[in-house]
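Residue numbers (the numbering used here): 205 to 343.
Set out below in structure tokens:
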């Protein structure tokens, strides 16, 4: 998987989901929008997915857990994502780990990371649905 992840890092994709040697989903959408779209369409149809993501905050980690992913690879991961993935016993590899994922202005916590605090995977997914994708600037 490491070689496939290295190829992913050089690509323009923001998210890839793998099942064995097959890519089952790709997205260029920002934030958790791609992962959320996949869950809405497939929910728990797939198990043991491997997730490649450019930026993995706690929100992305919770959604990966919700999907029952077996591994998560990220170019950048937050310490909150590390804690979450360890808690739910999901293997992970981050090229670089940072204290937090910041908002686009770089002056505060990413809104998705903030929203994910103190939530289980199901609570976080339901919260995203209740608030609506538009409120998070998700397409």
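All residues carry an ideal CB built from backbone N, CA and C; glycine is no exception.
- Taken in chain order, the complete alpha helix (DSSP H) segments of 4 or more residues contained in the region 221-288 are 237-246 and 262-270.
- Taken through DSSP and simplified to helix, strand or coil, residue 319 comes out as helix.
- Remark: C-beta atoms of residue 255 and residue 291 do not approach each other more closely than 9 Å.
- For residue 297, the pairing in a beta bridge is given by DSSP as 277.
- Apart from sequence neighbours up to five positions away, the residues of its chain that approach residue 274 with a beta-carbon distance below 6 Å are 252, ordered along the chain.
- Out of 298, 240, 306 and 269, the CA that lies nearest to the CA of residue 335 is found in 240.
- In the DSSP annotation of this structure, the continuous segment of the alpha helix (DSSP H) that includes residue 335 starts and ends at 325-335.
- Burial is judged here by how many other beta carbons sit within 10 angstroms of a residue's own beta carbon; residue 308 has fewer than 16 and is exposed.
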